[in-house]
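See structure below.
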Ligand SMILES: Nc1ncnc2c1ncn2[C@@H]1O[C@H](COP(=O)(O)OP(=O)(O)OP(=O)(O)O)[C@@H](O)[C@H]1O
Ligand SMILES: [Mg+2]
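Below is the structure:
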């Protein structure tokens, strides 16, 4: 039931902590079913952006949720927002279930979320005995309660094992397919790459890039791996013609920008290509490259 | 507001600080039962409960608020509510009601302990110097509850200021043990300034004794009525300062 209905909009939002401007002029939209990855280095302002949306900080500019304004003193528009910020908000003296009940309006939904996250076996024991990952899952469960329109997750995969990570990823996709929008920050970039539909790169408090995942991967330096009938000869040829390449196992790795030139030169030498394949974009490298470009 | 109150009460009961506070009350009254000779004033002051209830309340108040920050639940609490005042008031009320509960518990304990230690020696409804023991006990506990209003405000203000439970508990103990003597000493040292000094907040501690012992008015330099009003006003002032700090505290 995907549609392109707008859920959240930030207009020239600047966040202040004391007198320091932390988030600088952020503007973006989130639509129903979007899974936005908020990516940036430590201290970039990811958590601060999220707290600002939740009306927890001083800010200028405008934030609206389905058209209704969110301010520091009016959180009514946040009714349909679930959130996990930095650390799961859990009362250790309550059981997992009691923690959920504090916020839950629909018992049936709550029970479903518990089983979707595989927490049945320990949900009735006190949260103080939970492991890091169990707490994290409970925090995610709290964020998913009450059919939220927008779910904000700050580093949700923190402390989760592989199985749990896959589970959470599936769950996020499932909710997004039903129209729930997600704003997720994470350091485990490859994790996000598999779910997100848009990328927001943030650095030094500024949103420096806002693109769909498709666009994002296209602008990245696509690399190709190739083998020829005679790789030794090919290597020699590349060196003499000034073509950058790397050897990796049985392949020669080259950049997209050299593809035409390579094909020309190989043809001239009557060297036949045996195989040439694009390499999947190395996501983390893309992020680092983009951030570096921004700094220059 | 009602939902906020319900939630806070729920948390308060489940956190079991309520039970812990009651336990402390039990232990301290038992201690004074075992170590002190029991006379009429032991009964009037509920086996020391009058002194201990404020100490328990300052600790419980601070712990009950600070745990929201320790557990990071403050983020949820704040974003799910538009009104910080509502959160603050709900917490204030819950802790204050708890002090009333402790006072009621102290009455029961006093009955029980007197029955065990001095059975039949004192009659609750017999008149001593124009008062019955029962009315004096109730009056003292009423004083203690008013003082607790002051203490809840102080506790919330201090925890927002120093953000550490242990510090607030230490301040509470110092207040309980030296507050009154410090206040009287202060007024002795500067006899010309008594008119102003008698309004110092430390002087409010006399409220839990003076209501039944008129002679304490000589130490506090305040009438009962003045004392009650001043204690409540201080409670409100501390409460408001605490609220201001709470509003500005970053999460
Ligand atoms: N309470 C605070 N007081 C002062 N500065 C703060 C405070 N909280 C955050 N900052 C500053 O705001 C900036 C952004 O912090 P934020 O926590 O949003 O970063 P982040 O992108 O979430 O980092 P991380 O990846 O480490 O979680 C940092 O430079 C930090 O120094
Ligand atoms: Mg962060």
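Residue numbers (our numbering), protein chains in the order written: chain S, 7 to 302; chain G, 128 to 378.
Beta carbons are placed, not taken as given, at the ideal position from N, Cα and C, and that holds for glycine.
Computed from a prediction, not measured in an experiment: that's the story for all the values here.
Exercise for the section: Return the residues of the segment 92–103 of chain S that lie within a Cβ-Cβ distance of less than 9 Å from chain G, sorted by chain order. Expected result: Within the segment 92–103 of chain S, the residues whose Cβ lies closer than 9 Å to some Cβ of chain G are 92, 93, 94, 95, 96, 97, 98, 99, 100, listed in chain order.
Practice task
State yes or no: is the C-beta of residue 152 of chain G within less than 8 Å of the C-beta of residue 263 of chain G?
Solution key: Not in contact: residue 152 of chain G and residue 263 of chain G (Cβ atoms no closer than 8 Å).
Problem - Residues near residue 364 of chain G in its chain [Cβ-Cβ closer than 8 Å; skip 5 each side] - result: Once the five neighbours on either side are set aside, the close Cβ partners of residue 364 of chain G are 280.
Problem - Which of helix, strand or coil DSSP assigns to residue 156 of chain G - result: For residue 156 of chain G, the secondary structure class from DSSP, reduced to helix, strand or coil, is helix.
Practice task
Using DSSP bridges, identify the partner residues of residue 217 of chain S.
Solution key: Bridge partners of residue 217 of chain S: S:205.
Handout entry: Neighbourhood of residue 309 of chain G by C-beta distance below 7 Å, restricted to the same chain and skipping five residues each side
Key = If we look at residue 309 of chain G and ignore the five residues flanking it on each side, its Cβ neighbours are 329.
Practice task
Using three-state DSSP, classify residue 174 of chain S as helix, strand or coil.
Solution key: Residue 174 of chain S: helix per DSSP, three-state reduction.
Exercise for the section: Inspect the beta-carbon positions of residue 232 of chain S and residue 263 of chain S and report whether they are closer than 8 Å. Expected result: Going by C-beta atoms, residue 232 of chain S is not nearer than 8 Å to residue 263 of chain S.
Handout entry: Neighbourhood of residue 61 of chain S by C-beta, 7 Å cutoff - its chain only, sequence neighbours within 5 removed
Key = Excluding residues within five positions, the ones whose Cβ falls inside 7 Å are 76, 77, 78, 81, 84.
Handout entry: Nearest residue (CA-CA) to residue 241 of chain G, options G:142, G:302, G:161
Key = Comparing Cα-Cα distances from residue 241 of chain G to each of G:142, G:302, G:161, the minimum goes to G:161.
Practice task
Give a yes or no on whether the C-beta atoms belonging to residue 139 of chain G and residue 286 of chain G are separated by under 8 Å.
Solution key: Cβ distance not < 8 Å, so residue 139 of chain G and residue 286 of chain G don't count as in contact.
Practice task
State the beta-bridge partners of residue 160 of chain S as determined by DSSP.
Solution key: Beta-bridge analysis with DSSP links residue 160 of chain S to S:191.
Practice task
Find the residues of chain G that neighbour residue 4 of chain S, judging by a C-beta separation of less than 9 Å, and give them in chain order.
Solution key: The structure shown does not extend to residue 4 of chain S, since chain S spans only 7 to 302, so no value can be given for it.
Exercise for the section: Inspect the beta-carbon positions of residue 69 of chain S and residue 188 of chain S and report whether they are closer than 8 Å. Expected result: Contact check for residue 69 of chain S against residue 188 of chain S fails: the beta carbons are separated by 8 Å or more.
Handout entry: Chain-ordered neighbours of residue 248 of chain G on chain S, where CB pairs are closer than 9 Å
Key = None at all; the shortest Cβ gap to chain S is about 43 Å.
Practice task
For chain S, find out if any of its Cβ atoms is closer than 8 Å to the Cβ of residue 196 of chain G; answer yes or no.
Solution key: Under the Cβ distance rule, residue 196 of chain G does not count among the residues neighbouring chain S, no pair being separated by less than 8 Å.
Exercise for the section: Label residue 18 of chain S either buried or exposed according to how many other C-beta atoms from any shown protein chain fall within 10 Å of its C-beta, with 16 as the threshold for buried. Expected result: Its Cβ having fewer than 16 others within 10 Å, residue 18 of chain S is exposed.
Handout entry: DSSP three-state assignment for residue 120 of chain S, whether helix, strand or coil
Key = It is helical.
Handout entry: Alpha-carbon spacing of residue 245 of chain G relative to residue 323 of chain G, whole angstroms
Key = Here the alpha carbons of residue 323 of chain G and residue 245 of chain G stand approximately 44 Å from one another.
Problem - Proximity winner among S:74, S:32, S:147, relative to residue 22 of chain S (alpha-carbon distances) - result: Closest option to residue 22 of chain S, Cα to Cα, is S:32.
Problem - CB contact check: residue 378 of chain G to chain S, cutoff 8 Å - result: With a threshold of 8 Å between beta carbons, residue 378 of chain G makes contact with chain S.
Practice task
Would you kindly work out how many angstroms separate the C-alpha atoms of residue 57 of chain S and residue 275 of chain G, rounded to a whole number?
Solution key: Approximately 36 Å, taken between the alpha carbons.
Exercise for the section: For the beta strand (DSSP E) holding residue 284 of chain S, just list the boundary residues, first then last. Expected result: Where residue 284 of chain S is concerned, the enclosing beta strand (DSSP E) starts and stops at 279–285.
Problem - Boundaries of the alpha helix (DSSP H) in which residue 370 of chain G is found, first to last residue - result: Element bounds for residue 370 of chain G: 351–375.
Practice task
Verify the CB distance criterion: does residue 60 of chain S have a CB-CB separation below 8 Å to chain G?
Solution key: At least one CB of chain G lies nearer than 8 Å to the CB of residue 60 of chain S.
Practice task
Mind checking the segment 290–302 of chain G against chain C and listing, in chain order, the residues whose C-beta falls within less than 9 Å of any C-beta there?
Solution key: In the structure shown, chain C cannot be found, because the protein chains are S and G.
Problem - Closer than 7 Å: residue 53 of chain S CB and nearest ligand 2 heavy atom - result: Remark: the shortest separation between the CB of residue 53 of chain S and any heavy atom of ligand 2 falls under 7 Å.
Handout entry: Residue closest to residue 46 of chain S, alpha-carbon to alpha-carbon, out of S:279, S:151, S:212, S:207
Key = Checking every option, the nearest Cα to that of residue 46 of chain S belongs to S:207.
Practice task
Could you spell out where the beta strand (DSSP E) holding residue 41 of chain S opens and where it closes?
Solution key: For residue 41 of chain S, the uninterrupted beta strand (DSSP E) run begins and ends at 41–45, by DSSP.
Practice task
Could you spell out the range, first to last residue, of the alpha helix (DSSP H) harbouring residue 105 of chain S?
Solution key: Here the alpha helix (DSSP H) through residue 105 of chain S covers 102–107.
Exercise for the section: Confirm the yes/no value for this check: CB of residue 160 of chain S, any heavy atom of ligand 2, distance under 7 Å. Expected result: It does: the Cβ of residue 160 of chain S is within 7 Å (strictly closer) of some heavy atom of ligand 2.
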